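Here is the structure we will look at.
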Amino acid sequence: MKLAVIGLAGMIASSVVLAPTPSRAANSPPFKVYISVDMEGVAGTVTSDQLVPTGFEYERFRRFMTDEAVAAVRAAQEAGATEVVVSDSHGNGENLLIELFPKDVRIVRSWPRHGAMMAGLDSSFAAALFVGYHASTSNPSGVRAHTISSAHFTRLALNGTPVTEAELNAAYAGDMNVPIVFASGDDAAIKEITARLGPLDTVVTKHSLGFHAAETLTPAAACDLIHQGVIAALSHRNQRHPYKLSHPVTLDLSFKSYMPAEILSYLRSVERVDSHTIRFIGHDMSEITDFIDVIDWYNPDMTP
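Sequence positions in the sequence shown follow numbering that gives the first Met the number 0 and run 0 to 303.
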C-alpha cells in the first residue's frame with residue numbers, strides 16, 4: 000500500500016506532543032539513552048554524492064547527519080537522560096562531527112566492532128533510538144534501500160523472515176532488554192520499522208520517489224521534528240517493550256555472487272541453502288551480529 004503524502008508538513012509518521020522535562024531525585028538511577036545514527040535516512044540524502052567522502056555534497060551532508068543526531072541528543076537530555084551514547088553507524092563510521100556534540104556525550108566510531116551498529120549498548124540503557132535509518136534490501140521502495148551491505152548482500156533473514164537493519168538492531172537490543180522507542184528515516188523505512196516493531200514515535204524525513212530520488216524536508220525542519228519526536232518517545236518509553244526473537248536465532252544470508260556461499264559452506268557451522276544463500280544458527284543476537292561482521296569485513300589481505 001502506497002503511503003499518502005499531503006505536503007511536506009505532513010511528513011511525520013506519528014503525532015508528537017512536547018512533554019515537560021521530568022524532575023529527577025538526587026538518588027534516582029541513571030537514565031541512559033543509546034542513539035544509533037545512519038545516513039541514508041537523513042533529510043535530503045538520495046545518492047552517493049551525499050553518502051561517501053568522495054561525493055561532492057558529502058561534507059555538507061555529514062553536517063546534516065550530525066545536526067539530526069544532535070537534535071536527538073538534546074531532546075534526550077531535555078527528557079531527563081543522564082547519559083547518552085551515540086553510534087556513528089554509516090559507511091566508515093567516521094561521519095559525525097564529534098566536536099559539535101555536547102561535551103558529556105560519548106560517541107562510538109569506526110569498524111569493526113562487537114555489536115556493529117549497536118556497539119556499546121548494554122542492559123543498563125533505558126531506551127534506544129534510530130536516526131537516519133533506511134529500508135531493507137528486499138524492499139522495492141525506499142531511498143538507497145539495503146541491509147548491512149549494498150555491495151554484497153541481497154537478503155538477510157532472521158528465523159525465516161527478511162529483516163531491515165532496524166529489526167536486526169532492535170533484536171540485538173532486545174537481548175539486553177532495551178526497547179526501541181523512536182525512529183526517523185524515509186517513508187518506506189518507517190513503514191517497515193513500524194510493521195515489524197509495532198507502533199512507536201517516528202519522523203518521516205522524506206518521501207521516496209525511487210532508489211535515488213525523494214521529496215524531502217529541509218534539514219532544519221527534520222531536526223525540529225526529530226527533537227519533538229524524541230522528547231515524546233522518551234516521555235512514554237515505559238509503553239514500549241524490547242523486541243525479542245526466539246533463541247537460537249537462524250540467520251539466512253544471500254549474496255550477489257555464488258562464490259561466498261560456496262566457500263563459507265566449507266565451515267561446519269554453515270549450511271549452504273541454495274547457490275547464493277547460507278544459513279548459520281547463533282545462540283543469541285550477539286553471535287549473529289559477530290558472524291555477519293566477520294563475513295562483511297574479513298579479507299585475507301587485511302593489514303592494520
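Each residue gets a CB set at the ideal place from its N, CA and C atoms; glycine is no exception.
If you're wondering where the values come from, they're calculated on a predicted model, not measured in any experiment.
To the nearest whole angstrom, what separates the beta carbons of residue i and residue j, a pair I think is in contact under 8 Å?
{"i": "Gly-79", "j": "Phe-30", "result": "5 Å"}
{"i": "Phe-181", "j": "Thr-163", "result": "So it is not a contact: roughly 15 Å between Cβ atoms."}
{"i": "Gly-131", "j": "Gly-197", "result": "Not really, about 21 Å apart at Cβ, beyond 8 Å."}
{"i": "Gly-173", "j": "Tyr-242", "result": "4 Å"}
Suppose contacts are defined by Cβ-Cβ distances below 7 Å. Is residue i in contact with residue j by that definition?
{"i": "Thr-146", "j": "Ser-135", "result": "yes"}
{"i": "Ala-68", "j": "Val-36", "result": "yes"}
{"i": "Thr-276", "j": "Asp-295", "result": "no"}
{"i": "Val-83", "j": "Ala-75", "result": "yes"}
{"i": "Pro-161", "j": "Ser-137", "result": "yes"}
{"i": "Asp-305", "j": "His-240", "result": "The first residue shown for the chain is 0 and the last is 303, placing residue 305 beyond what the model contains."}
{"i": "Thr-288", "j": "Tyr-171", "result": "yes"}
{"i": "Ala-187", "j": "Ala-42", "result": "no"}
{"i": "Asp-87", "j": "Arg-73", "result": "no"}
Taking buried to mean at least 16 other C-beta atoms within 10 Å of its own C-beta, is residue i buried or exposed?
{"i": "Lys-102", "result": "exposed"}
{"i": "Arg-267", "result": "exposed"}
{"i": "Pro-178", "result": "buried"}
{"i": "Glu-58", "result": "exposed"}
{"i": "Asp-121", "result": "exposed"}
{"i": "Phe-55", "result": "exposed"}
{"i": "Thr-65", "result": "buried"}
{"i": "Glu-93", "result": "exposed"}
{"i": "Ala-165", "result": "buried"}
Rounded to a whole number of angstroms, what is the C-alpha to C-alpha distance between residue i and residue j?
{"i": "Thr-81", "j": "Phe-100", "result": "15 Å"}
{"i": "Asn-158", "j": "Leu-244", "result": "8 Å"}
{"i": "Leu-50", "j": "Ser-274", "result": "32 Å"}
{"i": "Glu-270", "j": "Ser-253", "result": "12 Å"}
{"i": "Ile-280", "j": "Thr-217", "result": "43 Å"}
{"i": "Ala-71", "j": "Ile-262", "result": "42 Å"}
{"i": "Val-272", "j": "Arg-278", "result": "6 Å"}
{"i": "Ala-231", "j": "His-113", "result": "30 Å"}
{"i": "Ser-47", "j": "Ser-27", "result": "45 Å"}
{"i": "Ile-106", "j": "Gln-238", "result": "27 Å"}
{"i": "Phe-210", "j": "Glu-191", "result": "16 Å"}
{"i": "Gln-381", "j": "Ala-156", "result": "Because the chain in this structure spans residues 0 to 303, residue 381 falls outside the shown range and cannot be described."}
Going by Cα to Cα distance, which pick from the options is closest to residue i?
{"i": "Asp-292", "options": "Gly-54, Trp-110 and Gly-43", "result": "Trp-110"}
{"i": "Gly-141", "options": "Val-36, Ile-277, Gln-238 and Ser-207", "result": "Ser-207"}
{"i": "Glu-214", "options": "Asp-223, Val-203 and Ala-232", "result": "Val-203"}
{"i": "Ala-125", "options": "Ser-183, Ser-274, Arg-236 and Pro-247", "result": "Arg-236"}
{"i": "Ala-169", "options": "Met-116, Leu-224 and Asn-298", "result": "Met-116"}
{"i": "His-133", "options": "Lys-255, His-113, Ala-172 and His-89", "result": "His-89"}
{"i": "Val-45", "options": "Asp-185, Ala-220 and Tyr-242", "result": "Asp-185"}
{"i": "Arg-143", "options": "Leu-233, Ile-192 and Met-38", "result": "Met-38"}
{"i": "Ser-256", "options": "Asp-48, Ala-212, Gly-209 and Ser-149", "result": "Ser-149"}
{"i": "Met-175", "options": "Tyr-33, Ser-27 and Pro-139", "result": "Tyr-33"}
{"i": "Ser-285", "options": "Cys-222, Ala-118 and Glu-191", "result": "Ala-118"}
{"i": "Lys-205", "options": "Arg-195, Met-258 and Ile-225", "result": "Ile-225"}
Any heavy atom of the ligand ATP closer than 6 Å to the CB of residue i?
{"i": "Phe-63", "result": "Absence of the ligand ATP from the depicted structure is noted, as is the absence of any ligand whatsoever, leaving it without description."}
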